[in-house]
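Residue numbers (full-length UniProt numbering): 1 to 422.
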């Protein structure tokens with residue numbers, strides 16, 4: 001005899017389920033108090049009481065540090081600038097806050113919302129305007145602290161919107177922070193809907209390094225300090241505001257997008273490019289991507305002196321320079337453990353490691369001329385490549401990485417650069 005425990009569904013559903021079973025079942029009916037039964041019963045009547053859990057709370061670094069006047073075809077009005085952890089999300093008029101308040105009350109009728117600062121019929125003084133700003137900030141802090149409300153579609157649209165009916169064209173422009181390799185921040189003014197290509201052009205223009213633009217690009221800092229290259233059609237501002245909880249000022253970073261050292265040496269005459277190459281090399285050495293080993297003290301002295309040219313001359317001969325190491329992941333050619341994919345101009349390597357990322361001794365190296373084909377498998381969430389084997393049939397290898405698009409981009413770039421060299 002098989003027993004099932006059936007809970008939290010109404011009796012009609014239980015009966016229907018039992019009729020579909022081909023076994024004899026023992027059904028235990030447990031009586032509960034009426035109030036508990038009301039909560040457990042799944043009512044088809046949408047007008048019945050809601051039981052939304054407002055108890056889960058969190059602290060969000062949301063603020064309205066300032067406001068500004070906008071003039072839209074003669075209509076001069078005030079917008080309040082909303083930030084999350086120092087990142088600009090949107091700019092909103094008071095009437096939009098009022099609409100949000102009313103919409104939330106309809107969506108969560110049994111929640112006791114804080115009061116919104118009162119409406120004024122006349123123009124506000126600077127002191128009154130600042131009081132309204134602080135009142136709106138406190139309202140957002142209290143409401144967003146309740147997880148179910150803060151994560152509701154209504155609130156998310158309010159915080160991330162650029163297309164609400166009330167939103168003015170002027171306020172669709174936002175500031176985006178981009179971390180540079182020397183850890184300084186470049187701030188560019190963009191539209192929310194600008195894709196990576198458009199944003200990168202704005203960064204290049206701001207930094208005035210057009211001659212080196214083909215060898216850098218925008219990346220997103222993700223897990224374990226790994227940076228993935230953004231796809232051209234992605235929206236950097238959306239990524240920027242979705243990662244407001246990161247410790248750094250921004251998750252969007254500028255990095256070198258180049259594997260060929262000979263081509264790299266042609267752009268060091270550009271002061272900005274030289275500075276970025278130097279500080280990225282320093283960062284890669286600190287992360288262990290570049291194996292400094294016996295050159296550690298020499299590199300430290302060159303770094304402290306900020307001798308960029310000599311530092312780069314030294315690290316270019318070290319293992320790991322101009323290589324990309326992907327986070328460890330599963331691979332179908334390895335039954336036990338994971339692999340780390342390492343991509344460089346010389347070869348493609350699979351470094352064996354344990355499932356927790358601890359490095360093991362085995363490294364399989366593939367020459368680029370031996371790679372027969374490669375592709376992204378979106379459905380299987382993998383990057384696949386086929387390589388030729390002397391005297392044997394070609395073999396297909398599947399790497400189950402969430403960064404399959406980025407890995408594919410790296411392969412594309414490697415073969416482009418190999419064409420440069422030939």
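No residue lacks a Cβ here, since even glycine has one placed at the ideal position from N, Cα and C.
1) Threshold first: 4 residues or longer. Then list the alpha helix (DSSP H) segments lying entirely within the stretch 203-288, N to C.
2) In whole angstroms, give me the CA-to-CA distance for residue 354 and residue 145.
3) Going by beta carbon distance, what residues of the same chain come within less than 8 Å of residue 331, once the five residues before and after it are set aside?
4) To the nearest angstrom, how far is it from the Cα of residue 325 to the Cα of residue 225?
5) Is it buried or exposed for residue 282, if we count other Cβ within 10 angstroms and need 16 for buried?
6) By DSSP, does residue 199 sit in helix, in strand, or in coil?
7) Which residues in the same chain have their Cβ closer than 6 Å to the Cβ of residue 103, if we skip the five residues on either side of it in sequence?
8) According to the neighbour-count rule (16 or more other Cβ atoms, all chains shown, within 10 Å of its Cβ), is residue 420 buried or exposed?
9) Give the single residue among 177, 188, 231, 56 whose Cα lies nearest to the Cα of residue 151.
10) Taking the alpha-carbon of residue 230 as reference, which of 408, 422, 418 has the nearest alpha-carbon?
11) Just checking my contact of residue 366 with residue 376 at CB under 8 Å: how many whole Å lie between their CB atoms?
12) Could you tell me which residues DSSP puts in a beta bridge with residue 87?
13) Along the chain, where does the alpha helix (DSSP H) containing residue 308 start, and where does it finish?
14) State the Cα-Cα distance for the pair residue 294 and residue 379, rounded to the nearest angstrom.
15) In angstroms, rounded to a whole number, what distance separates the CA positions of residue 205 and residue 178?
16) Going by alpha carbons, who is nearest to residue 222 out of 215, 243, 209?
17) Near residue 364, which residues of its chain fall below 6 Å by C-beta distance, leaving aside the five closest residues on each side in sequence?
18) Leaving out the 5 sequence neighbours to the left and right, which residues in its chain are closer than 8 Å to residue 321 when beta-carbon positions are compared?
19) For residue 194, count the other beta carbons within 10 Å of its own beta carbon; 16 or more makes it buried, fewer makes it exposed. Which is it?
20) Residue 202: which of 174, 182, 183 sits nearest, CA to CA?
21) What distance in whole Å lies between the Cβ atoms of residue 62 and residue 84, which are believed to be in contact at a cut-off of 8 Å?
22) Straight-line CA distance for residue 403 to residue 342?
23) I'd like to know whether the C-beta atoms of residue 253 and residue 227 end up nearer to each other than 7 Å.
24) Below 8 Å on the Cβ atoms is my guess for residue 347 versus residue 360; work out the distance and round it to an integer in Å.
25) Nearest-angstrom Cα distance between residue 78 and residue 287?
26) For residue 328, which of helix, strand or coil comes out of DSSP?
27) If residue 276 sits next to residue 256, beta carbons under 8 Å apart, how far is it from one beta carbon to the other, in whole angstroms?
28) Who are the near neighbours of residue 210 in its chain, counting only those whose CB is closer than 7 Å to its CB and skipping five residues on each side?
29) Is residue 381 helix, strand or coil when you go by DSSP?
30) So, at 8 Å on beta carbons, what are the nonlocal neighbours of residue 135 in its own chain, with the 5 sequence-adjacent residues on each side left out?
31) What residues in its chain sit with their C-beta under 7 Å from that of residue 219, if we drop five residues either side in the sequence?
32) Can the beta-carbon of residue 187 be found closer than 7 Å to that of residue 236?
33) If you follow the beta strand (DSSP E) that residue 189 is part of, which residue opens it and which one closes it?
With the given structure in hand:
1) 236-242, 261-264, 271-287
2) Reading the chain shown from its first residue, position 354 is the one you call residue 354. Reading the chain shown from its first residue, position 145 is the one you call residue 145. Rounded to whole angstroms, residue 354 to residue 145 spans 40 Å at the Cα level.
3) As a first step, residue 331 is located in the chain shown; it is residue number 331 there, counting from the start. Contacts found: 338, 339, 350, 397, 398, 399, 400.
4) Position 325 of the chain shown, counted from the first residue, corresponds to residue 325. Position 225 of the chain shown, counted from the first residue, corresponds to residue 225. In a straight line, the C-alpha of residue 325 is about 11 Å away from that of residue 225.
5) By 1-based counting over the chain shown, the position of residue 282 is 282. Classification of residue 282: buried, given that the 10 Å Cβ count is 16 or more.
6) Sequence index remark: in the chain shown, residue 199 carries index 199 (1-based). Correct three-state label for residue 199: helix.
7) Working through the chain shown from its first residue, we reach residue 103 at position 103. Counting only Cβ-Cβ distances below 6 Å, and skipping sequence neighbours, we find 154.
8) Against the chain shown, residue 420 aligns to sequence position 420. That one is exposed.
9) Position 151 of the chain shown holds residue 151. Nearest of 177, 188, 231, 56 to residue 151, Cα basis: 56.
10) By one-based count along the chain shown, residue 230 stands at place 230. Nearest of 408, 422, 418 to residue 230, Cα basis: 408.
11) As a first step, residue 366 must be located in the chain shown, where it is residue number 366. As a first step, residue 376 must be located in the chain shown, where it is residue number 376. With a Cβ gap of about 18 Å, residue 366 and residue 376 do not count as contacting.
12) One-based indexing of the chain shown puts residue 87 at position 87. Its beta-bridge partners are 84.
13) As a working mapping, residue 308 is identified with position 308 in the chain shown. Counting along the chain, the alpha helix (DSSP H) containing residue 308 begins and ends at 308-315.
14) As a first step, residue 294 must be located in the chain shown, where it is residue number 294. As a first step, residue 379 must be located in the chain shown, where it is residue number 379. Roughly 45 Å between the two C-alpha positions.
15) Taking the chain shown and counting its residues from 1, the one referred to as residue 205 is at position 205. Taking the chain shown and counting its residues from 1, the one referred to as residue 178 is at position 178. Between residue 205 and residue 178, the C-alpha separation is close to 13 Å.
16) For this step, residue 222 is matched to residue 222 along the chain shown. Per the Cα distances, 243.
17) Counting from 1 along the chain shown, the entry for residue 364 is found at position 364. Answer for residue 364: 350, listed in chain order.
18) Start at 1 with the first residue of the chain shown, and residue 321 comes out as number 321. Result list for residue 321: 261, 281, 284, 290, 315, in chain order.
19) As a working mapping, residue 194 is identified with position 194 in the chain shown. So residue 194 counts as buried.
20) For the purposes of this step, residue 202 is taken as the residue at position 202 of the chain shown. The option with the nearest alpha carbon to residue 202 is 174.
21) Taking the first residue of the chain shown as 1, we reach residue 84 at position 84. Taking the first residue of the chain shown as 1, we reach residue 62 at position 62. Indeed, because the Cβ distance is near 5 Å, the residues count as touching under 8 Å.
22) Translated into positions along the chain shown, residue 403 becomes position 403. Translated into positions along the chain shown, residue 342 becomes position 342. Distance between the alpha carbons of residue 403 and residue 342 is about 13 Å.
23) For the purposes of this step, residue 253 is taken as the residue at position 253 of the chain shown. For the purposes of this step, residue 227 is taken as the residue at position 227 of the chain shown. Contact flag set, yes.
24) Numbered from 1 along the chain shown, position 347 holds the residue referred to as residue 347. Numbered from 1 along the chain shown, position 360 holds the residue referred to as residue 360. Contact doesn't hold; Cβ gap of about 19 Å is too wide.
25) In the chain shown, residue 78 corresponds to position 78, counting from 1. In the chain shown, residue 287 corresponds to position 287, counting from 1. Roughly 46 Å separates the two Cα atoms.
26) Sequence index remark: in the chain shown, residue 328 carries index 328 (1-based). Coil, per DSSP.
27) Position 276 of the chain shown, counted from the start, is the residue given in the question as residue 276. Position 256 of the chain shown, counted from the start, is the residue given in the question as residue 256. Right, the Cβ-Cβ distance comes to about 7 Å (below 8 Å), so this counts as a contact.
28) As a first step, residue 210 is located in the chain shown; it is residue number 210 there, counting from the start. Cβ within range, chain order: 204.
29) To locate residue 381, count along the chain shown from 1; it is residue 381. Coil, per DSSP.
30) Within the chain shown, the letter at position 135 stands for residue 135. Counting only Cβ-Cβ distances below 8 Å, and skipping sequence neighbours, we find 116, 117.
31) On the chain shown, residue 219 is found 219 positions in, with the first residue counted as 1. So the list reads 227, 228, 229, 230, 253, 255, once near-sequence residues are dropped.
32) Translated into positions along the chain shown, residue 187 becomes position 187. Translated into positions along the chain shown, residue 236 becomes position 236. Their beta carbons are not under 7 Å apart, which means residue 187 does not touch residue 236 by this criterion.
33) Position 189 of the chain shown holds residue 189. Its beta strand (DSSP E) spans residues 185-191.
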